[in-house]
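With the sequence shown counted from 1, adding 5 to any position gets you the numbering used here.
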Amino acid sequence: MARPVYKRILLKLSGEALMGDDAYGINRATITNIVEQVKEIVDLGVEVAVVIGGGNIFRGVAPAAAGMDRATADYMGMLATVMNALALQDAMRHIGIEARVQSALSIEFVEPYVRAKALRALEKGRVVIFGAGTGNPFFTTDTAAALRGMEIDAEIVLKATKVDGIYSEDPKKNPNAKKYETVSFDEAINKNLKVMDATAFTLCRDQKLPIAVFNIFKAGALKRVVMGENEGTRVIV
Numbered sequence: 006m007a008r009p010v011y012k013r014i015l016l017k018l019s020g021e022a023l024m025g026d027d028a029y030g031i032n033r034a035t036i037t038n039i040v041e042q043v044k045e046i047v048d049l050g051v052e053v054a055v056v057i058g059g060g061n062i063f064r065g066v067a068p069a070a071a072g073m074d075r076a077t078a079d080y081m082g083m084l085a086t087v088m089n090a091l092a093l094q095d096a097m098r099h100i101g102i103e104a105r106v107q108s109a110l111s112i113e114f115v116e117p118y119v120r121a122k123a124l125r126a127l128e129k130g131r132v133v134i135f136g137a138g139t140g141n142p143f144f145t146t147d148t149a150a151a152l153r154g155m156e157i158d159a160e161i162v163l164k165a166t167k168v169d170g171i172y173s174e175d176p177k178k179n180p181n182a183k184k185y186e187t188v189s190f191d192e193a194i195n196k197n198l199k200v201m202d203a204t205a206f207t208l209c210r211d212q213k214l215p216i217a218v219f220n221i222f223k224a225g226a227l228k229r230v231v232m233g234e235n236e237g238t239r240v241i242v
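Here it is as structure tokens:
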């Protein structure tokens, strides 16, 4: 039986990925589909950490947040990511995955982020879900994914999207847009390809941490990425 190419991965999930076809919130069928894909790779022995966004929840309160102080809005977004992290943990436990939530903000009912504890949990085969981003305003969950990926010695950051890779242009606007199987960090910068925000992308480039972009809604895609098959796009040094 073939073995996974990657032993330890950091999976970056946007909050919007949990919405399914809903306008906001958490779609139960969608979150179940995602955690079932995670279980596939956990069963292969892959150590999985997750950074989750909060756009699906914060989108619902965004009209009220218009004109709000940026730092205040960012803290609200961090709380939304913790809510999503708890929902992911619950969904994982329902299908037999041991998971723990660690938060960059001090919240009584979840464990604080402690690198050593996260590493021990991963080594025991538990999924670790990082909530509250970096714990600082003005930094995105993309940056949190890059940072946590480096801290846990992940071999790759997997960015789960609704698109099956990185294209030269928006494939919805231009059906002739070119899809890249692999692209270098420098080429992605020179061609202004939208992979992650600039801070996250620079962190990954400087630390030589590769990124894979794939469609989490494509059946079996996550497993194919960790097996090293031709799925999505890989950004390499």
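The beta carbon of each residue, even a glycine, is placed where N, CA and C say it ideally should be. Model, not experiment: these values are computed from the prediction.
Nearest to ASP147 (by Cα), restricted to the options TYR11, LYS228, ALA217
Against the sequence shown, residue 147 aligns to sequence position 142. Out of TYR11, LYS228, ALA217, ALA217 has the C-alpha closest to the C-alpha of ASP147.
On the criterion of 16 or more Cβ atoms from any shown chain inside 10 Å, does GLY82 qualify as buried, or is it exposed?
Numbered from its first residue, the sequence shown carries residue 82 at position 77. Buried, since its Cβ has 16 or more Cβ neighbours within 10 Å.
Contacting residues, own chain, Cβ-Cβ under 6 Å from ARG13 (five flanking each side not counted)
Residue 13 sits at position 8 when you count from the first residue of the sequence shown. These residues qualify, in order along the chain: GLU52, ALA159, GLU160.
Do ALA28 and ALA2 come within 8 Å of each other at the CB atom, strictly closer than that value?
Because the chain in this structure spans residues 6 to 242, residue 2 falls outside the shown range and cannot be described.
CB of GLY136 within 8 Å of CB of VAL119, strictly
The residue given as residue 136 occupies position 131 in the sequence shown. The residue given as residue 119 occupies position 114 in the sequence shown. No.
Under the assumption that ILE36 contacts LEU91 (Cβ atoms under 8 Å), give the Cβ distance between them as a whole number of angstroms.
If you number the sequence shown from 1, residue 36 lands on position 31. If you number the sequence shown from 1, residue 91 lands on position 86. That pair is no contact at about 11 Å.
Bridge partners - THR148, DSSP secondary structure assignment:
Against the sequence shown, residue 148 aligns to sequence position 143. Its beta-bridge partners do not exist; DSSP assigns none.
For the alpha helix (DSSP H) containing LYS44, name the first residue and the last one.
Position 39 of the sequence shown, counted from the start, is the residue given in the question as residue 44. Element bounds for LYS44: 33-47.
Let me know the beta strand (DSSP E) ranges lying completely inside the region 152-213, each 3 residues or longer, listed in chain order.
161-166, 187-189
Along the chain, where does the alpha helix (DSSP H) containing ASN220 start, and where does it finish?
Start at 1 with the first residue of the sequence shown, and residue 220 comes out as number 215. Counting along the chain, ASN220 falls outside any alpha helix (DSSP H), though it belongs to the beta strand (DSSP E) covering 216-220.
Roughly how many angstroms separate the alpha carbons of THR145 and ARG131, rounded to a whole number?
Working through the sequence shown from its first residue, we reach residue 145 at position 140. Working through the sequence shown from its first residue, we reach residue 131 at position 126. Looking at the two C-alpha atoms, the distance is approximately 25 Å.
Spatially closest choice to GLY50 from TYR11, GLU21, ALA76, by CA coordinates
Position 45 of the sequence shown, counted from the first residue, corresponds to residue 50. Comparing Cα-Cα distances from GLY50 to each of TYR11, GLU21, ALA76, the minimum goes to TYR11.
Give the single residue among ASP211, LYS177, ALA182 whose Cα lies nearest to the Cα of MET155.
Start at 1 with the first residue of the sequence shown, and residue 155 comes out as number 150. Nearest C-alpha to MET155: ASP211.
Could you check where the alpha helix (DSSP H) with VAL231 kicks off and where it finishes?
As a first step, residue 231 must be located in the sequence shown, where it is residue number 226. Element bounds for VAL231: 226-231.
For ASP48, which of ARG8, THR187, ASN38, GLY59 has the nearest alpha-carbon?
Working through the sequence shown from its first residue, we reach residue 48 at position 43. Per the C-alpha coordinates, the member of ARG8, THR187, ASN38, GLY59 positioned closest to ASP48 is ARG8.
Using only alpha-carbon positions, find the residue among VAL188, ASP169, GLY20, ALA151 that is nearest to VAL208.
Counting from 1 along the sequence shown, the entry for residue 208 is found at position 203. Going by the sequence as given, residue 208 is Leu instead of Val. Looking at the Cα atoms, ALA151 is the closest of the given residues.
Just to confirm before moving on: does the CB-CB distance between LYS184 and TYR172 stay below 8 Å?
Here residue 184 is taken as the residue at index 179 of the sequence shown, counted from 1. Here residue 172 is taken as the residue at index 167 of the sequence shown, counted from 1. Yes, these two residues count as a Cβ contact at 8 Å.
Which residues in the same chain have their Cβ closer than 8 Å to the Cβ of SER111, if we skip the five residues on either side of it in sequence?
Taking the first residue of the sequence shown as 1, we reach residue 111 at position 106. For SER111, where only same-chain residues beyond five positions count, the Cβ hits under 8 Å are PRO117.
Residues bridged to PHE135 [DSSP beta-bridge criterion]:
The count along the sequence shown starts at 1 and reaches residue 135 at position 130. VAL56, GLN107.
Quick check: what's the CA-CA separation for GLU103 versus ALA126?
Your numbering for residue 103 matches position 98 in the sequence shown. Your numbering for residue 126 matches position 121 in the sequence shown. Going by the C-alpha atoms only, they are around 9 Å apart.
My guess is that ILE46 and GLY20 are in contact by the Cβ rule of under 8 Å, so how many angstroms apart are they, rounded?
For the purposes of this step, residue 46 is identified with residue 41 of the sequence shown, where counting begins at 1. For the purposes of this step, residue 20 is identified with residue 15 of the sequence shown, where counting begins at 1. About 21 Å; that fails the 8 Å criterion.
On the DSSP bridge list, what partners appear for PRO117?
Here the question's residue 117 lines up with position 112 in the sequence shown. BP columns for PRO117 point to SER108.
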